[in-house]
Amino acid sequence: METETSACFQQALNSFKTQSGPGLVAEFEMTSLTDLKSSIAKIQTKQATERRMQNMRRISSFIGIMERYGEVIEVFLNTTNILAFVWGPMKFLLQVLFNSNHQAFMIAEMLQVASSVSEAFNELLETYKIIGEGLELLERCIGLIDGKTLVQRAVESMFHDIFAFHEIALAYFRKPMWKQVFQATWSTYKARFGPVVESFKRHKQVFEDRLTFVQLEDIRSKVITASEELEKLRNKEKLGQLREIQNWLNSADVASDQHAFTSARIGKTQTGSWILHHQQYCSWKKGSTQPLLWVNGIPGAGKTILASTIIEYCLNSHESTIWFYFRNGDAQRNSFLCFAASLISQTLARDTDLLPYVYEEMCRKGKQSFSSEKLAKELLDVMIKNTGYTCIILDGVDECGKVERKKILEWILQIIDHQRNPQSSDSIICAIVSQKDSITSKALRHIPSLEITSKDTRDDIFAYVSSRCSDIQNKFQLDDEDTKAIVELVMGKAGGMFLLAKLAMNNLYCQVSASSLFNELKTKDIPSQLDQAYDRILNNILEDHGSRSYAIQLLGWLVCAKRQLKWREIQGAVSVDLEAEDVDLRNRQWILDSKDLCDSLVEMRTDGSLELVHGTAKLFLIRTNLIDIRHVELSMASLCVGYLALPGFDMSLS
123 METETSACFQ QALNSFKTQS GPGLVAEFEM TSLTDLKSSI AKIQTKQATE RRMQNMRRIS
183 SFIGIMERYG EVIEVFLNTT NILAFVWGPM KFLLQVLFNS NHQAFMIAEM LQVASSVSEA
243 FNELLETYKI IGEGLELLER CIGLIDGKTL VQRAVESMFH DIFAFHEIAL AYFRKPMWKQ
303 VFQATWSTYK ARFGPVVESF KRHKQVFEDR LTFVQLEDIR SKVITASEEL EKLRNKEKLG
363 QLREIQNWLN SADVASDQHA FTSARIGKTQ TGSWILHHQQ YCSWKKGSTQ PLLWVNGIPG
423 AGKTILASTI IEYCLNSHES TIWFYFRNGD AQRNSFLCFA ASLISQTLAR DTDLLPYVYE
483 EMCRKGKQSF SSEKLAKELL DVMIKNTGYT CIILDGVDEC GKVERKKILE WILQIIDHQR
543 NPQSSDSIIC AIVSQKDSIT SKALRHIPSL EITSKDTRDD IFAYVSSRCS DIQNKFQLDD
603 EDTKAIVELV MGKAGGMFLL AKLAMNNLYC QVSASSLFNE LKTKDIPSQL DQAYDRILNN
663 ILEDHGSRSY AIQLLGWLVC AKRQLKWREI QGAVSVDLEA EDVDLRNRQW ILDSKDLCDS
723 LVEMRTDGSL ELVHGTAKLF LIRTNLIDIR HVELSMASLC VGYLALPGFD MSLS
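According to the numbering used here, the sequence shown is numbered sequentially starting from 123.
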């Protein structure tokens, strides 16, 4: 029985150590009872000086009994120094709460916070008092330890609860920004202490009433049930708050973005993996001296795929990782507010204890929509710093307008610069992946830069081209020599541009016969510039006079839409006839899909959303005047307004 009980104690202690982390564990292991008493004496002296005594004698019973009982319990547990994990957390919590209360008291505008922290300090002392009362009765039963299973179980349960109490308290008060969110979050968070405090009271009942083993087990069962019921209520409340906050933020689905770009990589983990071994990247990942990294390259070099590689690696490292993919013309992905909304949403998903804080700020300052940059910065500042170590990856910041780009870069540089302050405990690293432009180059001129070269991407491009050539070989029954020649030809033209290789291979694969394939290779050659590749694909699209107008219509909508469009939305739009004032989904939907109409200029995600193959494709279509933006936007607006004016939306109809 002793071995079994000792094992249970050791399991509880190991769990506590894991939750505390190596830093605090090392601090706790070095804490003695003398250290704790010295810390308490200093607190009492300061409280007396400020005339704010809080009857710290309430904890004397707990400390005294634990001190007298320490040797016995360590023999019983067959372990040493276990009481350091009582003294250490106790000293840490008392110091943190007292220091924060003292600092707030000294600043007039923080008196309300001081009052709340003082209340928390009082609750901490009261909890230690309750534990001490249970221990007083336990002390009377010390002689029964070796012979009574009931007392052994009670001792085991009591220490479980002490560890649980400290674990809950430390999880809150060790957060760097707990004081900033205290007013909004403490009343909700402290409810977690309820079942543990009730359990301590029941331990007292065990020794007062000499309960049976069955009754003790019943008490423990009730504590577990109460905890589970409380957790259900808290989760229900959290879910409701989270839904309201998500509707308010209306952030882009960055998880879907990451899934799409991860799925696009050859071999899932190989494409782009070269960057994980690059010296600049490795220095950045350590974060101590180089918390910011700028990864840049020419259009089509595969920067977004590299960003998805970095994100995936950081996520797999079990780190707090948040990210954002900027996109030109997408109203959910092209501004500081969009970026901030996404980071807030992602941080909340990882630290739900901040829900009450964000919810309160939303209700007090947020109004109906997330439109205040000042509020966005305040929320981000508190939330990211409170999370501790955070890895931020941004892709395509150059796709934002100049004003928005400046706001984003200034904010990033500000939070990184803040953590260089010796008094800061922040641990944030950020990687920015983009093209070189005047604004970004000027803002990031003093930070480490990793420029993507053709040498870096050559192996990835070769792997991709070889894989696609294998598909072409199978489709057209080519021999190995012809297949090898295609690989060499495309590699010679790619010039480090992944996108150019992709467009060339897609164009070759779409040929209808081996004859047309060789004709494409011999008479037209492989394009060496993106515009040449786009022009060739576009000519192939426009050659089909039957679908030409539909292809131009689809490309126009994708160029001008302010967010990503789904294929079902496209099909719904073409089914509307404003003159006939009806919607005929059965007869007006396109039979051809997006690939049939627009070839490799358009890509469809797994969620059914459509997008142009690259931002440069949009610029090409505008530059060549194929798409008249004013005409398309007017047409789209007329369609939307006309649709809403259809008889079916007439509210006067019964």
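Where is the CB? At the ideal position from N, CA and C, for every residue including glycine. Given the structure is predicted, the values throughout are model-derived calculations rather than measurements.
Measure the CB-CB distance between residue i and residue j and report whether it falls below 8 Å.
i, j, result
"Ala623", "Tyr586", "yes"
"Val681", "Lys644", "no"
"Met299", "Val504", "yes"
"Gln693", "Trp679", "no"
"Ser183", "Glu258", "yes"
"Thr426", "Asp559", "no"
"Trp209", "Leu135", "no"
"Thr512", "Ile574", "no"
"Lys360", "Leu476", "no"
"Leu714", "Ser669", "yes"
"Thr469", "Ile433", "no"
"Asn244", "Gln305", "no"
Is DSSP giving residue i helix, strand or coil here?
i, result
"Phe227", "With a pLDDT of only 46 at Phe227, under 50, the local geometry of the prediction cannot be trusted, and the value read off the model is given with reservation. Residue state, collapsed to three classes: helix."
"Lys688", "strand"
"Leu732", "strand"
"Ile70", "Past the edges of the chain, shown from 123 to 776, lies residue 70, and the structure says nothing about it."
"Met299", "coil"
"Ala553", "strand"
"Asp772", "coil"
"Asp517", "strand"
"Glu573", "strand"
"Val634", "coil"
"Ile594", "helix"
"Thr153", "coil"
"Thr411", "coil"
"Ile444", "strand"
"Thr512", "strand"
"Asn221", "helix"
"Asn357", "helix"
"Ala306", "helix"
"Val587", "helix"
"Ile204", "coil"
Quick check: is any heavy atom of the ligand ATP less than 7 Å from the C-beta of residue i?
i, result
"Phe584", "The ligand ATP is not part of this structure, which contains no ligands at all."
Does the beta-carbon of residue i have 16 or more other beta-carbons within 10 angstroms, so that it is buried, or is it exposed?
i, result
"Val525", "exposed"
"Glu521", "buried"
"Gly143", "exposed"
"Ser222", "buried"
"Phe460", "It is worth fixing the name first, because residue 460 is Cys in this sequence and not Phe. Classification of Cys460: buried, given that the 10 Å Cβ count is 16 or more."
"Asn418", "buried"
"Ala673", "buried"
"Cys485", "exposed"
"Phe771", "exposed"
"His540", "exposed"
"Gln363", "buried"
"Thr171", "exposed"
Rounded to the nearest angstrom, what separates residue i and residue j at their Cα positions?
i, j, result
"Ala463", "Ile608", "46 Å"
"Pro570", "Cys552", "12 Å"
"Thr728", "Val239", "50 Å"
"Thr153", "Ile204", "11 Å"
"Ser137", "Lys507", "26 Å"
"Val555", "Thr431", "12 Å"
"Met758", "Cys436", "41 Å"
"Lys213", "Ile530", "41 Å"
"Met228", "Arg174", "The predicted position of Met228 is uncertain, since its pLDDT is 46 and thus under 50; a value taken from the coordinates is nonetheless stated next. Taking the straight line joining both Cα atoms gives about 12 Å."
"Phe446", "Leu630", "33 Å"
"His400", "Gly422", "20 Å"
"Thr493", "Tyr481", "It should be pointed out that residue 493 corresponds to Ser in this sequence rather than to Thr. Rounded to whole angstroms, Ser493 to Tyr481 spans 15 Å at the Cα level."
"Lys615", "Arg590", "16 Å"
"Ile514", "Leu535", "12 Å"
"Leu572", "Lys408", "16 Å"
"Lys358", "Asn438", "29 Å"
"Glu750", "Lys597", "For clarity, residue 750 is Asp in the given sequence; the question names Glu instead. Taking the straight line joining both Cα atoms gives about 38 Å."
"Tyr250", "Gln141", "21 Å"
"Asn372", "Asn628", "35 Å"
"Val319", "Glu483", "31 Å"
"Glu665", "Thr509", "56 Å"
"Trp370", "Phe458", "16 Å"
Using a Cβ-Cβ distance cut-off of 8 Å, determine whether residue i contacts chain D.
i, result
"Gly518", "Checking the listed chains, one finds no chain D in this structure; it contains a single protein chain."
Contiguous alpha helix (DSSP H) assignments of at least 4 residues, all confined to the region 651-726: Qualifying alpha helix (DSSP H) stretches, in chain order: 652-665, 670-682, 689-696, 707-710 and 716-720.
task: Can you check the region 416-470 for any beta strand (DSSP E) of at least 3 residues that lies completely inside it and give the ranges in chain order?
output: Entirely contained in the region 416-470, the beta strand (DSSP E) runs reaching 3 residues are, in chain order, 443-447.
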